[in-house]
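Position 250 (the sequence shown) corresponds to 288 in this note's numbering; numbering is contiguous. Glycine included, C-beta positions come from ideal geometry on N, C-alpha and C.
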Amino acid sequence: MGLSVCYELRAAIEPSEARRIVAALHAAAKQLPFQEVHEVVEWTPRAGRGDDLDDEDARRLRQLGTQYGRKQRADGEEFWIEIPPRHVIGFSVDVADGAETAQFGLATHPAVIEQQLSGRAEWIETGLAGIYSWTQCCKTQYAGLQQYGGVENFVQAHTALIALLDQARNLGLHVTVHDDGGYWLARDRTELSRQLREWNGLVAALAGQLMDHLGRGPGGVQSPILTAPDFEHLEAEGLIRWSQPPAESE
39 MGLSVCYELR AAIEPSEARR IVAALHAAAK QLPFQEVHEV VEWTPRAGRG
89 DDLDDEDARR LRQLGTQYGR KQRADGEEFW IEIPPRHVIG FSVDVADGAE
139 TAQFGLATHP AVIEQQLSGR AEWIETGLAG IYSWTQCCKT QYAGLQQYGG
189 VENFVQAHTA LIALLDQARN LGLHVTVHDD GGYWLARDRT ELSRQLREWN
239 GLVAALAGQL MDHLGRGPGG VQSPILTAPD FEHLEAEGLI RWSQPPAESE
(Lines of atoms letter the chains of each structure in order from A and count residues from 1; the text may use other names and numbers.)
(Lines give C-alpha, C1' and ligand atoms only; values in the text may rest on other atoms or scores of the structure.)
Protein backbone atom coordinates (compact mmCIF):
# COMPACT_ATOMS: atom_id res chain seq x y z
CA MET A 1 0.00 0.00 0.00
CA GLY A 2 1.28 3.44 -0.87
CA LEU A 3 1.32 6.16 -3.51
CA SER A 4 2.69 4.50 -6.64
CA VAL A 5 2.96 4.76 -10.39
CA CYS A 6 1.93 1.60 -12.27
CA TYR A 7 2.59 1.36 -15.99
CA GLU A 8 2.24 -0.96 -18.94
CA LEU A 9 4.28 -0.66 -22.14
CA ARG A 10 3.27 -2.45 -25.36
CA ALA A 11 4.29 -2.60 -29.01
CA ALA A 12 4.06 -5.02 -31.92
CA ILE A 13 7.72 -4.82 -32.96
CA GLU A 14 10.70 -6.95 -33.95
CA PRO A 15 13.56 -7.74 -31.53
CA SER A 16 15.89 -5.25 -33.21
CA GLU A 17 13.35 -2.46 -32.70
CA ALA A 18 12.79 -3.51 -29.08
CA ARG A 19 16.54 -3.22 -28.47
CA ARG A 20 16.63 0.22 -30.12
CA ILE A 21 13.70 1.50 -28.06
CA VAL A 22 15.05 0.21 -24.75
CA ALA A 23 18.48 1.70 -25.54
CA ALA A 24 16.86 5.06 -26.34
CA LEU A 25 14.78 4.90 -23.16
CA HIS A 26 17.91 4.09 -21.19
CA ALA A 27 19.68 7.13 -22.67
CA ALA A 28 16.68 9.30 -21.78
CA ALA A 29 16.72 8.00 -18.19
CA LYS A 30 20.33 9.11 -17.82
CA GLN A 31 19.28 12.68 -18.59
CA LEU A 32 16.73 12.73 -15.77
CA PRO A 33 17.47 13.42 -12.07
CA PHE A 34 17.46 9.80 -10.94
CA GLN A 35 19.82 8.52 -8.28
CA GLU A 36 21.32 5.88 -10.59
CA VAL A 37 20.46 4.28 -13.94
CA HIS A 38 21.84 0.75 -14.28
CA GLU A 39 23.04 -0.77 -17.53
CA VAL A 40 20.77 -2.53 -20.01
CA VAL A 41 20.66 -6.30 -19.60
CA GLU A 42 19.22 -8.82 -22.07
CA TRP A 43 18.05 -12.35 -21.35
CA THR A 44 16.95 -15.24 -23.57
CA PRO A 45 16.81 -18.95 -22.58
CA ARG A 46 19.83 -20.82 -23.92
CA ALA A 47 19.05 -23.40 -26.57
CA GLY A 48 19.03 -26.90 -25.10
CA ARG A 49 19.49 -25.67 -21.55
CA GLY A 50 16.14 -24.21 -20.67
CA ASP A 51 16.33 -21.16 -18.44
CA ASP A 52 19.75 -19.59 -18.05
CA LEU A 53 19.64 -18.60 -14.40
CA ASP A 54 23.36 -18.53 -13.68
CA ASP A 55 23.42 -14.75 -13.58
CA GLU A 56 21.65 -12.59 -10.98
CA ASP A 57 20.68 -10.03 -13.63
CA ALA A 58 19.19 -12.82 -15.75
CA ARG A 59 17.16 -14.13 -12.82
CA ARG A 60 15.91 -10.64 -12.02
CA LEU A 61 15.01 -9.91 -15.63
CA ARG A 62 13.16 -13.19 -16.03
CA GLN A 63 11.18 -12.45 -12.88
CA LEU A 64 10.32 -8.93 -14.02
CA GLY A 65 9.44 -10.08 -17.53
CA THR A 66 6.91 -12.58 -16.23
CA GLN A 67 3.33 -11.48 -16.81
CA TYR A 68 0.17 -12.57 -15.02
CA GLY A 69 -3.20 -12.87 -16.70
CA ARG A 70 -6.69 -13.25 -15.29
CA LYS A 71 -8.79 -15.79 -17.17
CA GLN A 72 -12.25 -17.26 -16.79
CA ARG A 73 -13.40 -20.87 -16.82
CA ALA A 74 -16.50 -21.98 -18.68
CA ASP A 75 -18.43 -21.94 -15.40
CA GLY A 76 -17.52 -18.28 -14.86
CA GLU A 77 -14.92 -18.84 -12.14
CA GLU A 78 -11.85 -16.64 -12.56
CA PHE A 79 -8.24 -17.79 -12.18
CA TRP A 80 -4.77 -16.39 -12.71
CA ILE A 81 -2.04 -17.70 -14.99
CA GLU A 82 1.69 -17.06 -14.88
CA ILE A 83 3.18 -16.26 -18.29
CA PRO A 84 6.99 -16.66 -18.40
CA PRO A 85 8.96 -14.50 -20.85
CA ARG A 86 10.82 -15.71 -23.92
CA HIS A 87 13.01 -12.67 -24.46
CA VAL A 88 13.62 -9.83 -22.01
CA ILE A 89 15.62 -6.63 -22.36
CA GLY A 90 15.55 -3.96 -19.68
CA PHE A 91 17.26 -1.89 -17.01
CA SER A 92 16.78 -0.74 -13.42
CA VAL A 93 16.48 2.81 -12.14
CA ASP A 94 17.23 3.82 -8.57
CA VAL A 95 14.68 6.63 -8.54
CA ALA A 96 15.51 8.41 -5.27
CA ASP A 97 16.13 7.84 -1.58
CA GLY A 98 12.98 6.32 -0.12
CA ALA A 99 11.44 5.34 -3.46
CA GLU A 100 11.30 1.82 -4.85
CA THR A 101 13.60 0.82 -7.69
CA ALA A 102 11.83 1.16 -11.04
CA GLN A 103 12.27 -1.32 -13.87
CA PHE A 104 11.87 -0.51 -17.56
CA GLY A 105 12.07 -2.91 -20.47
CA LEU A 106 10.25 -5.05 -22.99
CA ALA A 107 9.56 -8.79 -23.09
CA THR A 108 7.94 -11.33 -25.38
CA HIS A 109 5.74 -14.20 -24.20
CA PRO A 110 4.25 -17.38 -25.67
CA ALA A 111 0.88 -17.23 -27.44
CA VAL A 112 -0.44 -20.11 -25.31
CA ILE A 113 0.62 -21.85 -22.11
CA GLU A 114 -0.32 -25.20 -20.61
CA GLN A 115 -2.42 -24.97 -17.45
CA GLN A 116 -3.84 -27.66 -15.18
CA LEU A 117 -7.59 -27.08 -14.85
CA SER A 118 -9.83 -29.48 -12.93
CA GLY A 119 -7.13 -32.14 -13.04
CA ARG A 120 -6.44 -31.98 -16.76
CA ALA A 121 -4.02 -30.04 -18.95
CA GLU A 122 -5.47 -27.30 -21.13
CA TRP A 123 -3.88 -24.77 -23.46
CA ILE A 124 -4.74 -21.18 -22.51
CA GLU A 125 -4.27 -18.18 -24.80
CA THR A 126 -2.13 -15.50 -23.15
CA GLY A 127 -3.26 -12.53 -25.23
CA LEU A 128 0.41 -11.55 -25.64
CA ALA A 129 1.17 -13.16 -29.00
CA GLY A 130 3.29 -11.09 -31.36
CA ILE A 131 4.00 -8.19 -29.02
CA TYR A 132 6.62 -6.88 -26.64
CA SER A 133 5.18 -5.73 -23.31
CA TRP A 134 6.15 -4.66 -19.80
CA THR A 135 4.14 -4.16 -16.60
CA GLN A 136 5.56 -2.65 -13.44
CA CYS A 137 4.76 -0.52 -10.38
CA CYS A 138 7.03 1.85 -8.48
CA LYS A 139 6.12 3.26 -5.07
CA THR A 140 7.38 6.83 -4.75
CA GLN A 141 5.54 7.86 -1.59
CA TYR A 142 8.32 7.29 0.91
CA ALA A 143 10.71 9.51 -1.03
CA GLY A 144 8.65 12.24 0.63
CA LEU A 145 9.58 11.32 4.20
CA GLN A 146 11.53 14.04 5.98
CA GLN A 147 14.67 11.96 6.41
CA TYR A 148 14.90 11.48 2.62
CA GLY A 149 14.37 15.08 1.62
CA GLY A 150 10.66 15.60 2.11
CA VAL A 151 8.21 16.90 -0.46
CA GLU A 152 10.90 18.26 -2.77
CA ASN A 153 12.59 14.86 -3.06
CA PHE A 154 9.25 13.13 -3.68
CA VAL A 155 8.10 15.58 -6.36
CA GLN A 156 11.42 15.32 -8.20
CA ALA A 157 11.32 11.51 -8.07
CA HIS A 158 7.68 11.19 -9.11
CA THR A 159 7.81 13.72 -11.94
CA ALA A 160 11.05 12.23 -13.29
CA LEU A 161 9.36 8.83 -13.46
CA ILE A 162 6.44 10.35 -15.38
CA ALA A 163 8.89 12.15 -17.69
CA LEU A 164 10.50 8.82 -18.57
CA LEU A 165 7.08 7.35 -19.35
CA ASP A 166 6.49 10.35 -21.62
CA GLN A 167 9.68 9.39 -23.44
CA ALA A 168 8.45 5.80 -23.77
CA ARG A 169 5.33 7.10 -25.48
CA ASN A 170 7.38 9.39 -27.72
CA LEU A 171 9.43 6.36 -28.79
CA GLY A 172 6.29 4.72 -30.17
CA LEU A 173 5.24 2.49 -27.29
CA HIS A 174 1.62 2.26 -26.22
CA VAL A 175 1.77 3.45 -22.61
CA THR A 176 -0.95 2.90 -19.99
CA VAL A 177 -0.41 4.53 -16.60
CA HIS A 178 -2.20 4.43 -13.25
CA ASP A 179 -0.77 7.25 -11.14
CA ASP A 180 -1.99 7.43 -7.53
CA GLY A 181 -0.71 11.01 -7.40
CA GLY A 182 -2.73 12.07 -10.43
CA TYR A 183 0.28 13.72 -12.08
CA TRP A 184 0.18 11.62 -15.27
CA LEU A 185 -3.08 13.33 -16.25
CA ALA A 186 -3.11 16.63 -14.33
CA ARG A 187 0.59 17.67 -14.45
CA ASP A 188 -0.07 19.71 -11.31
CA ARG A 189 2.81 19.70 -8.81
CA THR A 190 0.76 21.43 -6.13
CA GLU A 191 -1.91 18.74 -6.32
CA LEU A 192 0.79 16.05 -6.35
CA SER A 193 2.20 17.45 -3.10
CA ARG A 194 -1.29 17.50 -1.60
CA GLN A 195 -1.80 13.87 -2.59
CA LEU A 196 1.47 12.94 -0.87
CA ARG A 197 0.32 14.56 2.36
CA GLU A 198 -3.01 12.78 2.19
CA TRP A 199 -1.44 9.38 1.47
CA ASN A 200 1.11 9.82 4.27
CA GLY A 201 -1.68 10.66 6.69
CA LEU A 202 -3.84 7.71 5.71
CA VAL A 203 -0.96 5.21 5.79
CA ALA A 204 0.27 6.57 9.14
CA ALA A 205 -3.23 6.34 10.61
CA LEU A 206 -3.64 2.76 9.38
CA ALA A 207 -0.19 1.79 10.68
CA GLY A 208 -0.98 3.36 14.04
CA GLN A 209 -4.27 1.50 14.35
CA LEU A 210 -2.64 -1.82 13.44
CA MET A 211 0.27 -1.17 15.79
CA ASP A 212 -2.16 -0.74 18.68
CA HIS A 213 -3.31 -4.32 18.09
CA LEU A 214 -0.20 -6.06 16.75
CA GLY A 215 2.70 -4.12 18.18
CA ARG A 216 5.78 -3.01 16.28
CA GLY A 217 8.80 -4.84 14.90
CA PRO A 218 9.18 -8.56 14.05
CA GLY A 219 5.77 -10.19 14.13
CA GLY A 220 4.12 -6.78 14.33
CA VAL A 221 3.71 -3.76 12.09
CA GLN A 222 6.65 -2.80 9.89
CA SER A 223 6.43 0.14 7.51
CA PRO A 224 8.71 2.97 6.34
CA ILE A 225 6.06 5.44 7.52
CA LEU A 226 6.91 4.47 11.12
CA THR A 227 10.41 5.92 10.64
CA ALA A 228 9.06 9.38 9.80
CA PRO A 229 10.19 11.95 12.42
CA ASP A 230 6.72 13.50 12.18
CA PHE A 231 4.85 10.17 12.32
CA GLU A 232 2.54 11.17 15.18
CA HIS A 233 1.56 14.36 13.37
CA LEU A 234 0.90 12.44 10.13
CA GLU A 235 -1.13 9.87 12.07
CA ALA A 236 -3.26 12.60 13.63
CA GLU A 237 -3.90 14.17 10.21
CA GLY A 238 -4.87 10.80 8.81
CA LEU A 239 -7.27 10.04 11.64
CA ILE A 240 -8.97 13.40 11.10
CA ARG A 241 -9.24 12.64 7.39
CA TRP A 242 -10.68 9.19 8.09
CA SER A 243 -13.26 10.60 10.50
CA GLN A 244 -14.65 13.03 7.92
CA PRO A 245 -17.79 11.87 6.09
CA PRO A 246 -17.37 11.43 2.32
CA ALA A 247 -18.38 14.43 0.23
CA GLU A 248 -21.77 14.06 -1.38
CA SER A 249 -21.84 14.24 -5.16
CA GLU A 250 -24.11 16.85 -6.67
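When only Cα atoms are considered, E163 and V150 end up about 4 Å apart. Here the C-alpha atom of H196 lies approximately 30 Å from the C-alpha atom of W118.
Remark: C-beta atoms of S42 and C175 approach each other more closely than 7 Å. In the assembly as shown, D218 is a buried residue. Its beta-carbon has 16 or more other beta-carbons within 10 Å. Within the same chain, Cβ atoms closer than 7 Å to the Cβ of E74 are found at D132, the five residues on either side in sequence being excluded. DSSP places Y221 in the uninterrupted alpha helix (DSSP H) bounded by Y221 to A224. The DSSP-derived three-state label of G246 is helix.
Assignment of V259 by DSSP, reduced to helix, strand and coil, places it in the strand class.
Take A67, set aside five residues on each side of it, and the residues of its chain with a beta-carbon closer than 6 Å to its own are V75, V131 and L202, in chain order. E270 is positioned such that its CB atom lies no closer than 7 Å to that of A243.
Put simply, the backbone Cα of N238 is about 14 Å away from that of Q185. Look at T164 here: in three-state DSSP terms it is coil, with no helix or strand label.
By the beta-carbon neighbour count (other beta carbons within 10 angstroms, threshold 16), S171 is buried. Per DSSP, the beta-bridge partners of G107 are I119. Its Cα nearest to that of H125, the residue Q105 stands out among Q105, K109, A137 and E115. In this model, W280 and R235 are separated by some 14 Å (Cα to Cα).
If you draw a straight line from the Cα of P123 to the Cα of L277, it is about 44 Å long. About 7 Å separates the beta carbons of I59 and G210, which is inside the 8 Å limit, making them a contact pair. In this structure, A65 is the residue among R57, P53 and A65 with its C-alpha nearest to the C-alpha of Q205.
Taking the Cα of L230 as reference, the smallest distance to any Cα among V78, V259, F72 and Q179 is reached at Q179. In chain order, P123, V126 and A145 place their CB closer than 6 Å to the CB of G103, counting only its own chain and leaving out the 5 sequence neighbours on each side.
In the structure shown, D204 falls within a helical segment according to DSSP collapsed to helix, strand and coil. Bounds of any alpha helix (DSSP H) do not take in E80; it lies within the beta strand (DSSP E) bounded by V79 to W81.
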